[in-house]
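Student:
In UniProt numbering, the protein residues as written are 1 to 756.
1. Taking its Cβ as the centre, do 16 or more other Cβ atoms sit within 10 Å of residue 17, making it buried, or is it exposed?
2. Taking 8 Å as the threshold (beta carbon to beta carbon), is residue 600 in contact with chain C?
3. Between the region 491-500 and the region 442-453, are three or more C-beta pairs nearer than 8 Å?
4. Mapping DSSP to helix, strand and coil, what is residue 169?
5. Starting from the C-beta of residue 28, find all residues in its chain whose C-beta is less than 7 Å away, skip the five residues before and the five after it, and write them out in chain order.
6. Which residues bound the alpha helix (DSSP H) around residue 547?
7. Going by other Cβ atoms of all chains shown within 10 Å of its Cβ, with 16 needed for buried, is residue 146 buried or exposed?
8. Could I get the ranges of all uninterrupted beta strand (DSSP E) runs contained in the region 645-729, with 3 residues as the minimum, in chain order?
9. Within its chain, find whatever has a CB closer than 8 Å to the CB of residue 728; leave out the 5 residues flanking it on each side and keep chain order.
10. Could you spell out where the alpha helix (DSSP H) holding residue 90 opens and where it closes?
11. How would you call residue 14, buried or exposed, if buried means at least 16 neighbouring beta carbons within 10 angstroms?
12. Excluding five sequence neighbours on each side, which residues of the same chain lie with their C-beta closer than 6 Å to the C-beta of residue 713?
13. Applying the 10 Å Cβ sphere with the 16-neighbour rule, what's the burial state of residue 616?
14. Between residue 113 and residue 212, what straight-line distance do the alpha-carbon atoms span, to the nearest angstrom?
15. Can you tell me whether residue 276 is helix, strand or coil according to DSSP?
16. Within the continuous alpha helix (DSSP H) that includes residue 526, where are the two ends?
17. In the structure shown, what three-state DSSP assignment does residue 532 receive?
18. Tell me whether the region 499-512 and the region 582-600 touch, counting them as touching only if at least three CB pairs, one residue from each stretch, are closer than 8 Å.
19. Provide the residue(s) that pair with residue 584 in DSSP beta bridges, ordered along the chain.
20. Using DSSP bridges, identify the partner residues of residue 611.
21. Inspect the CB distances between the region 461-468 and the region 391-407 and report whether three or more fall short of 8 Å.
22. Start and end of the alpha helix (DSSP H) containing residue 558?
23. Evaluate residue 720 with the Cβ neighbour count: other Cβ atoms within 10 Å of its Cβ, from every protein chain shown; 16 or more gives buried, anything less gives exposed.
24. Between which residues of its own chain and residue 416 is the CB-CB distance below 8 Å, once the five residues before and five after are set aside?
25. So, residue 472 versus residue 449, is the Cβ gap smaller than 8 Å?
26. Give me whichever residues DSSP pairs with residue 222 in a beta bridge.
27. Among the residues of its own chain, which have a CB less than 7 Å from the CB of residue 504, if the five just before and after it don't count?
28. Is it true that the CB of residue 247 sits closer than 8 Å to the CB of residue 758?
29. Distance, Cα to Cα, residue 104 vs residue 226?
30. Whose C-alpha, out of 419, 451, 383, is nearest the C-alpha of residue 410?
31. Could you tell me whether the region 646-661 touches the region 609-629, where touching means 3 or more Cβ pairs closer than 8 Å?
32. Just tell me which of 538, 397, 588 has its CA closest to the CA of residue 636.
33. Nearest by alpha-carbon distance to residue 697: which of 479, 737, 659, 366 is it?
34. Taking residue 614 and residue 642 to be in contact with their CB atoms under 8 Å, please state how far apart those CB atoms are, rounded to whole angstroms.
35. Could you check how far apart the C-beta atoms of residue 418 and residue 479 are, in whole angstroms? I think they sit under 8 Å.
36. Which of helix, strand or coil does DSSP assign to residue 471?
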């Protein structure tokens with residue numbers, strides 16, 4: 001659904017810029033028309049034979065128009081912003097033109113009072129909305145509105161009390177501009193209003209020094225330069241009134257008045273005027289109208305904050321750049337399974353089906369037949385009864401550890417419902433688990449999943465490949481997987497069946513340890529004046545169930561026979577993160593040996609139909625240098641290849657959460673870590689800042705739990721970095737320490753606040 005917020009975020013274009021220009025002209029004209037009359041009254045004093053009292057009355061006429069601000073504020077809230085703006089600026093321009101031909105001072109005062117009463121806005125308006133027809137759209141269409149009441153009655157109170165002369169221009173521009181650009185646009189608008197004094201000085205200087213007279217006998221006046229100045233000062237209002245014919249009424253106002261179809265048509269016109277295709281918008285409009293009529297959008301009332309901060313999604317396109325229908329307001333959602341079947345031909349569905357499918361590379365038929373025969377032979381054997389039975393206490397413990405805020409699978413049974421299982425129901429579940437283990441059976445219904453497409457950061461939202469498929473499995477199925485995982489883990493790890501190079505999801509093994517193993521190998525080579533080349537592989541399709549508790553262990557078992565190089569090439573594994581590295585004194589000797597290991601590893605991946613992505617894989621040439629060199633590899637260096645596809649050389653690569661650069665300076669890693677820690681620190685500033693009333697002990701606990709782990713993750717890996725680079729992290733910790741006074745005089749803030 002293309003909501004109002006989505007429209008504002010992604011459809012700022014020519015229409016919005018033109019609206020800003022017209023509103024700026026009107027705002028400038030309002031300032032000229034009001035404050036310029038003080039100059040006019042002084043110049044026209046001799047021509048109109050004004051006394052001091054009459055001068056004061058004339059000067060006060062523009063400000064006397066503020067008395068009607070409440071009336072116009074109510075009219076703008078009930079009749080429309082654009083209509084009131086056109087009416088007020090047009091009539092005000094006509095009054096200014098007539099006042100320039102006024103024969104007496106009181107006629108001029110009357111016209112000026114009428115004109116300024118039209119260009120001074122404010123007031124109070126109240127809009128009453130009732131469900132289901134109107135209030136269903138308030139949550140998604142009113143950008144800054146808040147709902148009050150309940151599902152039976154809701155009123156939206158719009159307050160626009162203001163003494164500013166250009167309130168309507170601010171209102172109209174703000175409602176047609178997204179939050180990302182709204183502040184900038186309003187700043188420009190305010191600048192034009194402030195510039196009216198400069199424009200007034202320039203126009204007065206240029207026109208009042210002219211000397212001409214034009215008698216108009218039938219009015220009994222002589223047309224002089226000050227009368228022309230009155231006309232020129234009101235000209236921006238007339239131009240603005242004419243230009244407003246091009247623009248539409250505020251969609252937010254139309255939606256708040258229940259004119260949903262008209263508001264959607266206005267959004268479509270603006271969408272098209274901004275250079276987009278109207279066809280892309282039409283389908284979202286139809287789906288939104290259908291949901292409003294069915295009352296499906298009432299759920300916005302239950303979570304207005306979530307709607308206000310929801311991420312907008314563009315219409316998803318297929319490979320031919322055609323827009324397909326969207327499944328949900330925020331995320332593409334479809335039905336899929338591990339053996340995927342997707343019934344609808346949608347771009348998002350096609351993309352996720354492709355990602356869920358097997359490796360399209362042609363299989364090795366001889367290898368496939370050999371594997372199938374072995375599977376048939378083993379399945380024909382009587383099942384071994386060597387796995388311990390499932391007990392009620394074990395299941396109760398696993399149920400207690402379930403996280404309550406996890407999304408359910410296709411069966412709709414969430415973890416909160418599972419936590420409410422009675423003792424007889426748990427006993428029935430235990431019997432079912434034991435029967436599945438004894439018969440080597442895993443229910444097919446638990447293999448089916450709901451796939452949610454989560455947008456990847458920094459990727460275009462209108463491409464289906466920019467979404468990472470996340471599987472929502474059955475809660476009961478995941479409970480059974482945890483039972484199996486504990487038994488398979490004891491068998492595989494207890495008997496030492498997993499190779500030593502695999503560090504993933506093993507006791508006493510972690511990501512920093514695998515990364516430290518690689519860094520120590522490279523650093524040892526630096527001491528011996530040896531160079532190291534490392535190749536990091538990106539596994540695109542690992543052939544294991546996504547989202548399953550068993551997936552890491554199954555992948556470790558599936559890849560346990562991965563070839564281990566014998567020519568000095570080292571292998572590093574952490575789940576599907578695979579790396580090969582080799583050290584040597586000559587770069588020209590390292591590359592051919594490493595390429596042979598890559599070819600051997602690639603053939604093994606092809607045999608077992610595990611797909612590699614050469615574009616996302618990376619190769620780094622590690623060599624010692626005190627300063628950062630621009631060259632990534634020596635000139636005319638050979639390129640590693642995966643099935644004739646080149647592996648790009650990189651200056652740095654993020655491996656297991658640590659950014660490795662070719663000189664192991666770790667400046668890029670420290671910079672990224674500092675930015676992340678600074679982000680968390682700013683988000684927690686309300687609780688750990690100086691103005692917070694939280695105790696010092698609790699503040700330190702928050703810092704140690706939320707911020708310091710970000711900075712100290714894999715600290716042994718980059719602990720030997722330059723002290724100047726590491727000091728950037730110390731500065732961040734000192735900033736937190738400075739928020740609180742030391743516990744004792746003479747104690748440093750770092751020691752007193754952080755502690756250990």
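All residues carry an ideal CB built from backbone N, CA and C; glycine is no exception.
All values derive from a computational prediction rather than experimental measurement.
Tutor: Per the coordinate set shown:
1. exposed
2. Checking the listed chains, one finds no chain C in this structure; it contains a single protein chain.
3. no
4. helix
5. 192, 193, 195, 196, 199, 236
6. That residue, residue 547, is in no alpha helix (DSSP H); it is neither H nor E in DSSP.
7. Reliability fails at residue 146, whose pLDDT of 34 lies under 50, so the model's placement of it is uncertain and the value that follows must be treated cautiously. Exposed: under 16 other Cβ atoms inside 10 Å.
8. 652-655, 658-661
9. 670, 671, 674
10. 81-99
11. exposed
12. none
13. exposed
14. 28 Å
15. coil
16. 511-527
17. strand
18. no
19. 531
20. 541
21. no
22. 551-558
23. exposed
24. 404
25. yes
26. 215
27. 552, 556, 573, 574, 575
28. No answer is possible for residue 758: the residues shown for the chain start at 1 and end at 756.
29. 14 Å
30. 451
31. yes
32. 588
33. 737
34. 4 Å
35. 7 Å
36. strand
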